[in-house]
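Each residue of the sequence shown is one higher than the one before, starting from 1 at the first, in the UniProt record's numbering.
To start, the structure under review is shown below, and the notes come after it.
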Amino acid sequence: MQQVQGVVARKKGAPVEIVTINVPDPGPGEAVVKVQSCGVCHTDLHYRDGGINDDFPFLLGHEAAGIVESVGPDVRGLAPGDFVVLNWRAVCGQCRACTRGDLHYCFATHNAKQKMTLDDGTELSAALGIGSLAEKTLVAAGQCTKVDPAARPAAVGLLGCGVMAGIGAAIHTGGITRGRSIAVIGCGGVGVAAIAGAALAGASPIIAVDIDAKKLAKAKELGATHTVDSSKTDPVEEIKRICAQVYEGADGADVVIEAVGRPETWKQAFYARDLAGTVVLVGVPTPDMKVPDLPLIDVFGRGGALKSSWYGDCLPSRDFPMLVDLYRQGRLDLDAFVTEEIALTDVEAAFDTMHRGDALRSVVIF
């Protein structure tokens with residue numbers, strides 16, 4: 001067992017604390033990873049504020065890259081010294097989703113069986129089964145995805161959650177391709193990643209919608225062909241207008257991604273898509289939010305698909321190495337998502353920065 005420093009949320013809404021964490025030696029199927037970088041994600045804030053569940057105390061963090069320090073018995077394909085991006089979809093290979101070939105929907109993903117604890121022995125709930133806002137963390141070996149060790153940890157670690165969620169929402173869930181149009185409502189980290197994914201796929205037009213000029217500028221930098229300030233313009237009508245200019249007869253975008261997680265913006269996405277178009281919800285709502293009041297005839301009459309995107313419907317073993325290779329080739333600017341590099345002691349301040357919308361990602365560097 002080792003003792004390290006980590007960021008813990010002890011109770012709902014209380015400021016996080018830097019405390020001593022006990023990290024067990026890895027058991028069968030487990031690995032200890034020395035964390036090099038970890039993004040501060042909105043999901044961590046959800047955990048701190050009780051928006052996920054009440055299993056306090058939480059060891060926060062899940063967007064991380066690092067070096068495997070040790071592995072437990074029966075671990076194959078992973079060894080000390082490997083550079084990895086951590087993921088929260090370590091497929092089981094045995095559940096209904098896996099046996100029908102849909103590994104990206106695995107219903108029983110693996111986590112470490114042992115618990116990390118506080119110094120007094122209190123068991124910690126690791127955020128998304130990872131808990132990587134700590135100098136070292138214990139995970140299931142399947143949560144470690146090996147990638148090119150020459151890559152910058154702060155950039156590629158973000159594939160562990162937000163960036164992969166956005167890129168996958170566009171490419172995997174939305175099925176965006178050349179010759180199709182896309183609009184993204186909400187241009188935080190996930191939304192801008194969806195725009196980057198759409199640009200990789202060759203979509204056009206790529207329409208970014210937000211109320212923040214700085215976020216729209218970043219969206220433009222990462223591939224948006226058009227921007228819409230929805231505080232000044234009706235986004236539904238503007239999306240329809242832009243798409244009709246490009247494709248005669250279009251009545252909206254082929255794919256509309258909702259990256260906010262609110263009923264009112266989801267309703268905008270519903271009406272901003274073309275006939276037989278696709279709506280993708282990747283923004284995370286709170287439990288009290290309800291689907292907006294929609295006439296059922298509109299659901300039927302517009303056709304198409306209403307989808308939710310879980311982790312960008314990704315398969316980490318397939319997608320992480322590919323996206324890191326694109327990053328290394330200069331075709332995917334993951335560095336653009338790193339707004340600031342901070343210390344472990346700055347996590348609470350990073351939540352304030354997040355509230356203000358001043359950063360795509362604050363990344364802790366160890």
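Even for Gly, the Cβ is constructed at its ideal location relative to N, Cα and C.
Here the structure is a predicted model, which means the values were calculated and not measured.
Check	Outcome
Inter-residue spacing [alpha-carbon to alpha-carbon] between valine 282 and alanine 127	19 angstroms
Integer Cβ distance of glycine 223 from alanine 193, believed to fall under 8 angstroms	Glycine 223 to alanine 193, Cβ: 10 angstroms. No contact.
Beta-carbon proximity of glycine 61 to serine 125, cut-off 7 angstroms	no
Whole-angstrom C-beta distance between proline 26 and leucine 158, which should lie under 8 angstroms	About 25 angstroms; that fails the 8 angstroms criterion.
Residue burial classification, lysine 12 (beta-carbon count within 10 angstroms, cutoff 16)	exposed
8 angstroms contact criterion, which alanine 141 and valine 75 should meet: CB distance rounded	5 angstroms
Three-state secondary structure assigned by DSSP to aspartate 229	strand
Which of helix, strand or coil DSSP assigns to glycine 330	coil
Cβ shell of glutamate 69 (< 7 angstroms), same chain only, five flanking positions each side left out	Val32, Val33, Lys34, Pro80 and Lys136
Rounded Cβ spacing between threonine 43 and cysteine 161 (contact assumed at less than 8 angstroms)	7 angstroms
Integer-rounded CB distance, given that alanine 269 should sit under 8 angstroms from valine 190	About 14 angstroms; that fails the 8 angstroms criterion.
Whole-angstrom C-beta distance between glycine 72 and glutamate 30, which should lie under 8 angstroms	4 angstroms
Local conformation of isoleucine 242 per DSSP, three classes	helix
Endpoints, beta strand (DSSP E) assigned at alanine 79	No beta strand (DSSP E) contains alanine 79, which DSSP labels as neither H nor E.
Residues that DSSP places opposite threonine 137 in a beta bridge	Val33
For threonine 233 and threonine 227, the rounded distance between their alpha carbons	11 angstroms
Simplified DSSP assignment, three categories, for cysteine 98	helix
Which residues DSSP lists as bridging serine 132, in chain order	DSSP output for serine 132 lists no bridge partner at all.
Backbone secondary structure at leucine 103 - three-state DSSP	helix
Beta-carbon proximity of arginine 273 to valine 256, cut-off 7 angstroms	yes
Residue from Cys314, Ile206 and Ile21 whose Cα sits closest to the Cα of methionine 116	Ile21
Simplified DSSP assignment, three categories, for serine 317	helix
Span of the alpha helix (DSSP H) around alanine 336	First-last for alanine 336: undefined, no H or E at that position.
Contact the stretch 47–66 vs the stretch 170–177: 3+ CB pairs below 8 angstroms	no
When Asp212, Ala112, Pro235 and Lys267 are compared against residue 367, the one with the closest alpha-carbon	Absent from the model: residue 367. The displayed extent of the chain is 1 to 366, so no value can be given.
Cβ-based burial, methionine 354 [other Cβ within 10 Å; buried from 16]	buried
Residues of its chain near glutamine 36, where Cβ-Cβ distance is below 7 angstroms and the 5 sequence neighbours each way are ignored	Ala65, Gly66, Ile67, Pro153 and Phe366
Nearest candidate by alpha-carbon position, reference lysine 307, set Pro295, Ala276 and Arg89	Ala276
Meets three-Cβ-pair contact criterion under 8 angstroms: the stretch 43–53 and the stretch 87–106	no
Whole-number beta carbon distance between alanine 219 and alanine 208, since they are thought to touch under 8 angstroms	4 angstroms
CB of residue 375 within 7 angstroms of CB of valine 4, strictly	Residue 375 cannot be examined here, being either before or after the span of the chain that is shown, 1 to 366.
For alanine 198, three-class secondary structure by DSSP	helix
Proximity winner among Ala169, Val84, Gly77 and Leu118, relative to phenylalanine 56 (alpha-carbon distances)	Leu118
Own chain, CB closer than 6 angstroms to alanine 201, minus 5 neighbours either side, in chain order	Ile171, Ile176 and Thr177
3 or more residues per run - each beta strand (DSSP E) lying fully within the stretch 6–58	17–23 and 30–40
Alpha-carbon to alpha-carbon, glycine 6 and proline 24	14 angstroms
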